[in-house]
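**Q** Here full-length UniProt numbering is used: the first residue of the sequence shown is 1, the next is one more, and so on.
Have a look at the structure that comes next, please.
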Amino acid sequence: MTDIEQLITSNPLLTDIRNSEEIFWNNSMYLPVEEATKQTKYSMADIEDAEARLQRFAAFIRVAFPETEATDGIIESPVSEISDMKNYLNDTLATTLDGKLLLKRDDLLPISGTIKARGAIYEVLKHAENLALQKGMLESTEEDYAVFASEAFNEFFSSYHIAVGTTGNLGISVGTMARKLGFNVTVHMSVEAKQWKKDYLRDKGVEVIEHDTDFSKAVENGRAESDANPNSYFVDDEHSVELFLGYTVGGYRMKKQLEREGITVDADHPLFVYLPCGIGGSPGGITFGLKQAFGEHVHCFFAEPTKMPSMLVGLLTEKYDDVSVFDFQLGGLTIADGLAVPRTSGLVAKLMRTFFSGGYSVQEGVFNGLLSSLYDTESIFLEPAAVAGLVGPYRLMKTDNGKGYIESSGLSDKMDQATHIAWATGGSMVPEKDRAAFLEESKAYSIN
Ligand SMILES: *Cc1c(COP(=O)(O)O)cnc(C)c1O
Numbered sequence: 001m002t003d004i005e006q007l008i009t010s011n012p013l014l015t016d017i018r019n020s021e022e023i024f025w026n027n028s029m030y031l032p033v034e035e036a037t038k039q040t041k042y043s044m045a046d047i048e049d050a051e052a053r054l055q056r057f058a059a060f061i062r063v064a065f066p067e068t069e070a071t072d073g074i075i076e077s078p079v080s081e082i083s084d085m086k087n088y089l090n091d092t093l094a095t096t097l098d099g100k101l102l103l104k105r106d107d108l109l110p111i112s113g114t115i116k117a118r119g120a121i122y123e124v125l126k127h128a129e130n131l132a133l134q135k136g137m138l139e140s141t142e143e144d145y146a147v148f149a150s151e152a153f154n155e156f157f158s159s160y161h162i163a164v165g166t167t168g169n170l171g172i173s174v175g176t177m178a179r180k181l182g183f184n185v186t187v188h189m190s191v192e193a194k195q196w197k198k199d200y201l202r203d204k205g206v207e208v209i210e211h212d213t214d215f216s217k218a219v220e221n222g223r224a225e226s227d228a229n230p231n232s233y234f235v236d237d238e239h240s241v242e243l244f245l246g247y248t249v250g251g252y253r254m255k256k257q258l259e260r261e262g263i264t265v266d267a268d269h270p271l272f273v274y275l276p277c278g279i280g281g282s283p284g285g286i287t288f289g290l291k292q293a294f295g296e297h298v299h300c301f302f303a304e305p306t307k308m309p310s311m312l313v314g315l316l317t318e319k320y321d322d323v324s325v326f327d328f329q330l331g332g333l334t335i336a337d338g339l340a341v342p343r344t345s346g347l348v349a350k351l352m353r354t355f356f357s358g359g360y361s362v363q364e365g366v367f368n369g370l371l372s373s374l375y376d377t378e379s380i381f382l383e384p385a386a387v388a389g390l391v392g393p394y395r396l397m398k399t400d401n402g403k404g405y406i407e408s409s410g411l412s413d414k415m416d417q418a419t420h421i422a423w424a425t426g427g428s429m430v431p432e433k434d435r436a437a438f439l440e441e442s443k444a445y446s447i448n
């Protein structure tokens with residue numbers, strides 16, 4: 001037996017994962033946030049630095065993307081209560097959720113309509129700022145960044161290249177922002193990537209290269225090609241600190257947003273957040289920001305398809321990116337294309353192993369059932385990846401491990417004052433035809 005096979009046989013949760021069963025996992029590596037933060041290279045100062053950069057670029061974004069005028073060039077999304085969906089879930093899963101159920105609407109983020117608008121756009125902006133400062137286009141960060149929308153800057157960036165490997169959405173965010181600045185852009189796509197995403201990017205003048213391989217291979221090919229060109233910058237989903245830091249801002253901003261919504265988060269009012277997880281950058285970064293904002297009062301769980309539980313296998317085996325879902329004979333196409341990542345980011349998995357409260361996995365039919373029931377109850381269409389958070393509160397309340405988490409965290413008598421947030425990670429850009437196809441396909445499924 002290989003040592004991975006041995007681990008699978010000796011750990012019941014790993015056996016369940018191998019058998020494609022849904023699991024709910026409590027993270028035994030979890031540490032109180034102060035201790036956990038001390039063990040990382042990153043802190044509040046990094047979040048503040050990233051937020052300040054996004055504020056500087058707001059003047060440019062406002063001009064370049066008029067849809068952001070209402071928010072003064074800040075890329076943000078609302079959070080809203082979904083009571084009808086909650087009632088539906090209560091009935092269908094025969095469990096009463098006592099606290100509030102909210103949806104964080106990153107599907108409505110301007111510019112790219114997915115959570116990638118946080119990390120990916122941040123990374124492109126940071127690279128653009130670095131180049132402009134290095135080459136003397138910008139004298140200091142005190143200048144008015146509206147100049148990034150000028151003809152001169154566009155021409156300057158047109159002698160540089162940005163490349164990325166992606167299941168689709170990362171390419172949309174990187175491609176849209178980088179083309180707007182004037183960069184040449186190449187997007188390497190994996191087989192999961194949807195046709196409309198390729199068409200959309202080509203329409204924007206992005207070179208799209210299709211690889212007949214999975215996500216990890218598409219990234220590898222993209223990286224190799226980009227590295228061969230000294231004027232090319234590669235947005236590296238597997239190792240990118242900038243992506244991670246861009247996401248942290250989204251988590252930290254929840255502090256003010258929930259205050260504005262009149263939602264209290266403290267020892268008596270716990271906050272639970274459920275985040276769809278692909279390679280780990282977005283759930284990792286958002287969790288880091290949330291933990292800095294709310295400390296021990298926020299409990300963050302990531303959610304993955306049973307076909308692609310890359311973060312779960314990385315953390316449960318403690319092998320991080322040295323293990324992939326293929327070692328579990330898993331993989332294959334999942335309806336949740338945004339989460340179709342066979343191997344987690346080593347950077348994020350190692351960094352975040354002490355911050356996540358846990359994670360869970362979701363079967364294909366459940367993605368379908370959540371997608372159609374959210375549409376029926378709330379008239380909200382999300383792309384399949386984005387619905388994974390919605391069952392989180394019920395898994396927490398219904399599974400033995402979930403119940404164990406509530407009890408051991410001393411929260412049993414506080415659950416009626418809890419707030420649960422399912423992070424909706426994308427959907428508003430999916431074309432009408434594709435929506436109709438998803439909804440038609442999903443009708444036949446139920447979540448239980
Ligand atoms: C990318 C993506 C995720 C997951 O983000 P990772 O950083 O890959 O973990 C979730 N939902 C959607 C819609 C995405 O595009």
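Where is the CB? At the ideal position from N, CA and C, for every residue including glycine.
1) Does ligand 1 have even one heavy atom less than 7 Å from the beta-carbon of S216?
2) Alpha carbons only, please: which of V206, V366, E34, Y160 is nearest the one belonging to H127?
3) What residue range is occupied by the uninterrupted beta strand (DSSP E) comprising L390?
4) Looking at the secondary structure, which residues open and close the beta strand (DSSP E) in which F326 lies?
5) Sorry if obvious, but does the Cβ on S282 come closer than 7 Å to a heavy atom of ligand 1?
6) Can L339 be considered in contact with ligand 1, in the sense that its beta carbon sits closer than 7 Å to one or more heavy atoms?
7) Drop a sphere of 10 angstroms on the beta-carbon of P276, count the other beta-carbons inside from all chains shown, and report buried for 16 or more, exposed for fewer.
8) Does DSSP classify A79 as helix, strand or coil?
9) Is C300 near ligand 1, in the sense that its beta carbon is under 7 Å from a heavy atom of that ligand?
10) With a threshold of 16 other CB atoms inside 10 Å of the CB of P384, please say whether the residue is buried or exposed.
11) With 16 as the cutoff for other CB atoms within 10 Å, does Q6 come out buried or exposed?
12) From the DSSP output, read off the bridge partner residues of T186.
13) Of the choices G285, D91, S112, whose alpha-carbon is the least far from that of R179?
14) Taking the beta strand (DSSP E) that I421 belongs to, which residues open and close that run?
15) For V298, I'd like the list of residues in its chain whose CB is within less than 6 Å of its CB, leaving aside the five on either flank, ordered along the chain.
16) State the Cα-Cα distance for the pair L102 and G389, rounded to the nearest angstrom.
17) At what residues does the alpha helix (DSSP H) containing P12 begin and finish?
18) Is the Cβ-Cβ distance between L170 and S428 less than 8 Å?
19) For the alpha helix (DSSP H) containing K217, list its first residue and its last residue.
20) Could you check the C-alpha separation between E231 and R202 for me, to the nearest Å?
21) Would you kindly work out how many angstroms separate the C-alpha atoms of V325 and E304, rounded to a whole number?
22) In three-state terms, what does DSSP make of L343?
23) Note down, one range per segment and in chain order, each beta strand (DSSP E) of at least 3 residues found wholly within the segment 48-92.
24) If you draw a straight line from the alpha carbon of M308 to that of A152, how long is it in whole angstroms?
25) Would M177 and I121 be called neighbours here (beta carbons separated by less than 8 Å)?
26) Which residues does DSSP list as the beta-bridge partners of A303?
27) Cβ-heavy atom distance between A422 and ligand 1 below 7 Å?
28) Assuming contact is defined by CB atoms lying nearer than 8 Å, are S446 and G358 in contact in what I supplied?
29) Does the beta carbon of G359 fall short of 7 Å from some heavy atom of ligand 1?
30) Do P12 and W196 have their CB atoms nearer than 8 Å?
31) Compute the Euclidean distance between the alpha carbons of F438 and S373, then round it to the nearest angstrom.
32) Could you check if A193 is buried or exposed, using at least 16 other CB atoms within 10 Å of its CB as the buried criterion?
33) Taking the alpha-carbon of M189 as reference, which of E261, G205, I172 has the nearest alpha-carbon?
34) For D266, which three-state DSSP category applies?
35) Could you tell me if Q329 is buried or exposed, where buried requires 16 or more neighbouring beta carbons within 10 angstroms of its beta carbon?
36) Does the Cβ-Cβ distance between D434 and G168 come in under 8 Å?
**A** Taking the coordinates as given:
1) Residue mapping note: residue 216 aligns to position 216 of the sequence shown, counting from 1. The answer is no for S216.
2) The residue labelled residue 127 in the question sits at position 127 within the sequence shown. Taking only the C-alpha atoms, the option nearest H127 is Y160.
3) As a position in the sequence shown, residue 390 is number 390, starting the count at 1. Here L390 belongs to no beta strand (DSSP E), and DSSP marks it neither H nor E.
4) Along the sequence shown, read from residue 1 onward, the residue named residue 326 stands at position 326. Element bounds for F326: n/a, residue is neither H nor E.
5) Here residue 282 refers to the residue found at position 282 of the sequence shown. Result yes, Cβ under 7 Å from ligand 1.
6) Translated into the one-based positions of the sequence shown, residue 339 becomes position 339. Checking the Cβ of L339 against ligand 1 gives yes.
7) Within the sequence shown, the letter at position 276 stands for residue 276. P276 should be labelled buried.
8) Against the sequence shown, residue 79 aligns to sequence position 79. First, the residue type needs correcting, since residue 79 is Val and not Ala in the sequence shown. When secondary structure is reduced to three states using DSSP, V79 falls in the strand class.
9) Reading the sequence shown from its first residue, position 300 is the one you call residue 300. Not so, every heavy atom of ligand 1 lies at least 7 Å from the Cβ.
10) In the sequence shown, the residue the question calls residue 384 occupies position 384. Classification for P384: buried.
11) As a first step, residue 6 is located in the sequence shown; it is residue number 6 there, counting from the start. Label assigned to Q6: exposed.
12) In the sequence shown, counting from the first residue as 1, residue 186 sits at position 186. According to DSSP, T186 shares a beta bridge with A163, E207.
13) Taking the first residue of the sequence shown as position 1, residue 179 is located at position 179. It is S112 whose Cα lies nearest to the Cα of R179.
14) By one-based count along the sequence shown, residue 421 stands at place 421. Its beta strand (DSSP E) spans residues 419-424.
15) Position 298 of the sequence shown, counting from 1, holds the residue named residue 298. L271, L290.
16) Taking the first residue of the sequence shown as position 1, residue 102 is located at position 102. Taking the first residue of the sequence shown as position 1, residue 389 is located at position 389. Each residue's Cα considered, the two are about 10 Å apart.
17) One-based indexing of the sequence shown puts residue 12 at position 12. Taken as a continuous stretch (DSSP letters only), the alpha helix (DSSP H) holding P12 covers 12-18.
18) Numbered from its first residue, the sequence shown carries residue 170 at position 170. Numbered from its first residue, the sequence shown carries residue 428 at position 428. It is not a contact, given that the beta carbons lie outside the stated cut-off.
19) Here residue 217 refers to the residue found at position 217 when the sequence shown is read from its first residue. For K217, the enclosing alpha helix (DSSP H) has its first and last residue at 215-227.
20) Counted from its first residue, the sequence shown places residue 231 at position 231. Counted from its first residue, the sequence shown places residue 202 at position 202. Before going further, note that residue 231 is Asn rather than Glu in the sequence given. In a straight line, the C-alpha of N231 is about 21 Å away from that of R202.
21) Along the sequence shown, one-based indexing puts residue 325 at 325. Along the sequence shown, one-based indexing puts residue 304 at 304. Taking the Cα positions, V325 is about 12 Å away from E304.
22) In the sequence shown, counting from the first residue as 1, residue 343 sits at position 343. In the sequence as presented, Leu is not what sits at residue 343; that position holds Arg. Residue state for R343 is assigned as coil, using DSSP reduced to three classes.
23) Counting whole runs of 3 or more residues, the segment 48-92 contains the beta strand (DSSP E) stretches 79-81.
24) Within the sequence shown, the letter at position 308 stands for residue 308. Within the sequence shown, the letter at position 152 stands for residue 152. Their backbone Cα atoms lie some 45 Å apart in a straight line.
25) Start at 1 with the first residue of the sequence shown, and residue 177 comes out as number 177. Start at 1 with the first residue of the sequence shown, and residue 121 comes out as number 121. In this structure, I121 lies closer than 8 Å to M177 by Cβ.
26) Translated into positions along the sequence shown, residue 303 becomes position 303. Answer is P276, Y360, bridged to A303.
27) To locate residue 422, count along the sequence shown from 1; it is residue 422. No; taking the cut-off as 7 Å, the Cβ of A422 has no heavy atom of ligand 1 nearer than that.
28) Here the question's residue 446 lines up with position 446 in the sequence shown. Here the question's residue 358 lines up with position 358 in the sequence shown. It is not a contact, given that the beta carbons lie outside the stated cut-off.
29) Here residue 359 corresponds to residue number 359 of the sequence shown, with the count starting at 1. Incorrect: G359 has no Cβ contact closer than 7 Å to ligand 1.
30) As a working note, residue 12 is residue 12 in the sequence shown. As a working note, residue 196 is residue 196 in the sequence shown. No; because the gap between Cβ atoms is not below 8 Å, this pair is not in contact.
31) Translated into the one-based positions of the sequence shown, residue 438 becomes position 438. Translated into the one-based positions of the sequence shown, residue 373 becomes position 373. Each residue's alpha carbon lies about 12 Å from the other.
32) Translated into positions along the sequence shown, residue 193 becomes position 193. Buried is the label assigned to A193, since at least 16 other Cβ atoms lie within 10 Å of its Cβ.
33) Stepping through the sequence shown from its first residue, residue 189 is reached at position 189. Of E261, G205, I172, the smallest CA-CA separation from M189 is found for I172.
34) On the sequence shown, residue 266 is found 266 positions in, with the first residue counted as 1. It is a strand residue.
35) In the sequence shown, counting from the first residue as 1, residue 329 sits at position 329. It counts as exposed.
36) For the purposes of this step, residue 434 is taken as residue 434 along the sequence shown, with counting starting at 1. For the purposes of this step, residue 168 is taken as residue 168 along the sequence shown, with counting starting at 1. The Cβ-Cβ distance between D434 and G168 does not fall below 8 Å.
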